[in-house]
Every structure is written in C-alpha cells, then in structure tokens.
Amino acid sequence: MNIITFSASKGGVGKTTLSFNYGSWLASKGYKVILVDTDYQANLSSTFNIFTNENTLFNVFTDGNVEIRKINDNLSILPGAPTLDKLEVILQSKINREFLMMMWMQDHADMFEEFDFMIVDTHPEFGTLTKNMIAISDHVLVPLEPSEYGFTQSKNQYDIRMDEFKKEAVDLKTRTSLIDAKVHYIASRVKHNTASSHAFEESIKTIPGFIANIPEREVFNTSTLEKKPIFELNHQNTQSNINLFNTIETQFNNILKATQEENS
Ligand SMILES: Nc1ncnc2c1ncn2[C@@H]1O[C@H](COP(=O)(O)OP(=O)(O)O)[C@@H](O)[C@H]1O
Ligand SMILES: [Mg+2]
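Residue numbering for the sequence shown is 0 to 263, as defined by numbering that gives the first Met the number 0.
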C-alpha cells in the first residue's frame with residue numbers, strides 16, 4: 000500500500016478538497032483506496048455523510064477498535080471525529096507518541112491488505128497526530144497557495160518542520176531517521192489571468208519537489224457543496240469545462256507519477 004498524506008501549515012489551502020477528489024479519482028481508475036480523516040473538524044467524513052464518534056480514527060489511540068466504512072467497491076474511509084481534538088493532550092504523556100498509528104497498523108495489517116492507496120487528510124498544524132501520519136507515509140503532499148508572503152516562504156517553513164521531525168525521530172540504536180516520507184509540493188488554488196499568476200507559474204516550475212498545479216475554479220467549491228467528486232458533477236460539455244477537466248486530469252497524473260517513483 001502506498002501511503003500519501005496531504006499536509007500543510009495553513010487551513011483553506013485545499014487539503015480536504017484534494018484528498019477527496021484525488022482519492023476518488025484514483026478509485027475511478029480502478030485502484031483500491033482508503034481515505035483517512037485525521038481532522039477533528041471531520042470535513043472529509045462529512046462529505047460521505049459520516050458523523051460519528053464510534054470506532055473512528057480516535058480509537059486507534061484508545062481501545063484499538065476501528066471500523067473502516069466502505070463507500071463503494073474501490074473506496075473506503077477510516078472516519079475522523081470531533082473527539083480527535085482531545086488527542087494532542089492525551090498523547091503528550093505517551094511513550095512513542097508519534098508512532099502509535101504505525102504500531103496499530105502493524106498489528107492490524109490484515110485490515111489494509113486490499114488497498115493500493117491510503118490517502119490521509121490532516122488538520123492544518125504539525126501536531127502529534129499529523130506526525131503519526133507522516134511517520135507511516137511514503138509521500139507527503141503539501142498544497143501551497145500563492146500568497147502575499149510567497150510560495151517559497153511557506154515551503155521553507157514546512158521544510159524546517161519536516162527536517163526537525165526527521166532529526167528527532169531516529170532509531171536509538173542505529174541513529175537513522177524513522178521517517179521515510181518524500182515531500183512534494185503542489186501549487187493549489189492558483190488564480191488565472193493575472194500578471195502575478197503567470198509570473199508565479201513560471202517561478203514554481205523551478206522549485207525542486209514541485210509536482211502539480213491546481214487552478215482555483217468554481218467546480219471545486221461545487222464539489223465540496225454537492226459532496227461529489229468534480230469528475231462526477233454533471234456539467235455542460237462546454238469547451239472551457241472540457242479544458243478544465245483535461246488540465247486537472249493531467250495534474251492528477253503528475254501526482255500519481257511522482258508518488259509512484261521509487262523512494263530513495
Ligand atoms: N482549487 C480550488 N478552487 C476553488 N475552490 C477551492 C479549491 N480548493 C479548495 N477550494 C475551496 O476552498 C475551501 C477550503 O478548502 P479545503 O479543501 O477545505 O481546505 P483545507 O482542507 O486545506 O482547510 C473549500 O470551500 C473548497 O471548496
Ligand atoms: Mg481540511
């Protein structure tokens with residue numbers, strides 16, 4: 000199973016939208032996908048009308064009794080819950096607190112045998128729960144919005160946190176890092192047709208680790224509101240919609256390619 004976590008220091012950059020749409024897209028391509036909602040706001044779970052405190056991700060850290068909910072043949076979800084906001088405090092006193100998800104998955108490997116991809120959505124922070132998810136990940140995808148503070152600055156802030164975590168999380172015997180995840184950057188919510196957006200698009204192409212460019216478009220909002228993946232929305236086949244869907248398909252293929260390359 001290839002484990003991919005969407006993570007960013009900021010909210011509103013498209014983590015949940017991308018988890019939902021990219022995960023659904025992979026499922027539509029025939030991959031078996033499990034989504035994991037680690038945000039206590041549980042936006043991703045609510046997309047599937049799942050509102051519960053029973054047998055959610057929270058239980059990984061308490062009694063271990065978790066139930067994976069099946070959405071369709073190719074798509075399942077391990078739901079999040081409002082109780083997840085209590086975790087940070089609960090975990091502080093635990094030994095190995097950043098590796099509890101890893102250990103629980105090792106003990107429940109049979110639950111994940113059928114899946115090709117795990118797609119993890121996170122809360123905007125670099126807390127203990129997010130660290131648990133990064134610890135199990137093969138790839139971390141960081142959506143960054145072009146902003147007044149700049150793409151590069153947000154990227155650098157994320158890199159610093161990731162480096163700190165990699166240095167902290169070492170095997171005590173070998174002193175090698177326990178974190179294998181490769182970090183990639185996605186330009187998200189990129190607005191078009193302004194001079195600054197063109198300059199931005201040119202400059203990000205040169206940034207190492209940059210893999211995809213997701214435009215700011217109304218279909219993503221419609222997708223959130225209607226709780227349907229963008230490719231399942233009933234659109235008029237206008238040329239501009241066809242172009243948009245082709246663009247997104249290309250960008251999702253870029254993500255797929257970058258996350259299938261051997262981790263080195
Ligand atoms: N590419 C996009 N174009 C337009 N709206 C978007 C796009 N990505 C996300 N949004 C909208 O922005 C809001 C925040 O996105 P969300 O995915 O919830 O961010 P996060 O999970 O990072 O907090 C949502 O209302 C969503 O519909
Ligand atoms: Mg979110």
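Glycine is no exception: its CB is placed at the ideal position from the N, C-alpha and C atoms.
Bear in mind that the values here come from a model prediction, so they are computed numbers and not experimental data.
- Message: Using only the alpha-carbon positions, how far apart do residue 223 and residue 16 sit?
- Response: As a position in the sequence shown, residue 223 is number 224, starting the count at 1. As a position in the sequence shown, residue 16 is number 17, starting the count at 1. Computed Cα separation, rounded: 7 Å.
- Could you check which residue in 188, 184, 163, 183 has the C-alpha nearest to that of residue 176? Against the sequence shown, residue 176 aligns to sequence position 177. Checking every option, the nearest Cα to that of residue 176 belongs to 163.
- 6 Å CB neighbourhood of residue 259 in its chain, flanking five on each side removed: On the sequence shown, position 260 is the one that residue 259 refers to. Once the five neighbours on either side are set aside, residue 259 has no close Cβ partner at all.
- Within 10 angstroms of the Cβ of residue 207, are there 16 or more other Cβ atoms? Answer buried if so, exposed if not. In the sequence shown, the residue the question calls residue 207 occupies position 208. Burial call: exposed.
- Message: By the DSSP assignment, the beta strand (DSSP E) with residue 170 in it spans what residues?
- Response: Mapped onto the sequence shown, residue 170 falls at position 171. Element bounds for residue 170: n/a, residue is neither H nor E.
- Message: Please state whether the Cβ-Cβ distance between residue 31 and residue 120 is less than 8 Å.
- Response: Stepping through the sequence shown from its first residue, residue 31 is reached at position 32. Stepping through the sequence shown from its first residue, residue 120 is reached at position 121. In this structure, residue 120 does not lie closer than 8 Å to residue 31 by Cβ.
- Helix, strand or coil at residue 12 according to DSSP, with G and I counted as helix: Position 13 of the sequence shown holds residue 12. Note: residue 12 maps to coil in three-state DSSP.
- Query: Is the number of C-beta pairs between the region 44 to 58 and the region 178 to 197 that are closer than 8 Å three or more?
  - Reply: no
- Buried or exposed by the 16-neighbour rule on C-beta atoms within 10 Å, applied to residue 268: Here the chain comprises residues numbered 0 to 263, so residue 268 is not present and cannot be evaluated.
- Task: Grab the span of the beta strand (DSSP E) containing residue 5 for me, first residue to last.
- Result: Counted from its first residue, the sequence shown places residue 5 at position 6. 1 to 5 is the span of the beta strand (DSSP E), which, as asked, contains residue 5.
- Message: Rounded to the nearest angstrom, what separates residue 263 and residue 180 at their Cα positions?
- Response: As a first step, residue 263 is located in the sequence shown; it is residue number 264 there, counting from the start. As a first step, residue 180 is located in the sequence shown; it is residue number 181 there, counting from the start. Residue confidence for residue 263 is low, a pLDDT of 44 falling below 50, so the modelled location carries little weight; the figure read from the coordinates is stated next. Looking at the two C-alpha atoms, the distance is approximately 10 Å.
- Task: Quick one: residues in its chain with C-beta nearer than 6 Å to the C-beta of residue 1, no 5 flanking neighbours on either side, listed in chain order?
- Result: On the sequence shown, residue 1 is found 2 positions in, with the first residue counted as 1. Excluding positions up to five away in sequence, the list reads 116, 137.
- Message: Taking the straight line between their C-alpha atoms, what separation do you get for residue 183 and residue 37?
- Response: One-based indexing of the sequence shown puts residue 183 at position 184. One-based indexing of the sequence shown puts residue 37 at position 38. If I take the Cα positions, the gap works out to 20 Å.
- Which whole-angstrom value is the C-beta distance of residue 135 and residue 101, which I expect to be below 8 Å? The residue labelled residue 135 in the question sits at position 136 within the sequence shown. The residue labelled residue 101 in the question sits at position 102 within the sequence shown. Correct: roughly 5 Å between the Cβ atoms.
- Alpha carbon of residue 125 to alpha carbon of residue 141, nearest angstrom: For the purposes of this step, residue 125 is taken as residue 126 along the sequence shown, with counting starting at 1. For the purposes of this step, residue 141 is taken as residue 142 along the sequence shown, with counting starting at 1. Those two C-alpha atoms are separated by around 12 Å.
- Hey, how far is the Cα of residue 8 from the Cα of residue 71? The sequence position of residue 8 within the sequence shown is 9, counting from 1. The sequence position of residue 71 within the sequence shown is 72, counting from 1. Taking the straight line joining both Cα atoms gives about 32 Å.
- Whose C-beta lies closer than 7 Å to the C-beta of residue 18 among residues of the same chain, with five residues either side of it excluded? Walking along the sequence shown from the start, residue 18 turns up at place 19. For residue 18, where only same-chain residues beyond five positions count, the Cβ hits under 7 Å are 5, 34, 43, 118, 120.
- Task: Could you tell me whether the region 102 to 115 touches the region 152 to 167, where touching means 3 or more Cβ pairs closer than 8 Å?
- Result: no
- Starting from the C-beta of residue 27, find all residues in its chain whose C-beta is less than 7 Å away, skip the five residues before and the five after it, and write them out in chain order. Start at 1 with the first residue of the sequence shown, and residue 27 comes out as number 28. 230, listed in sequence order.
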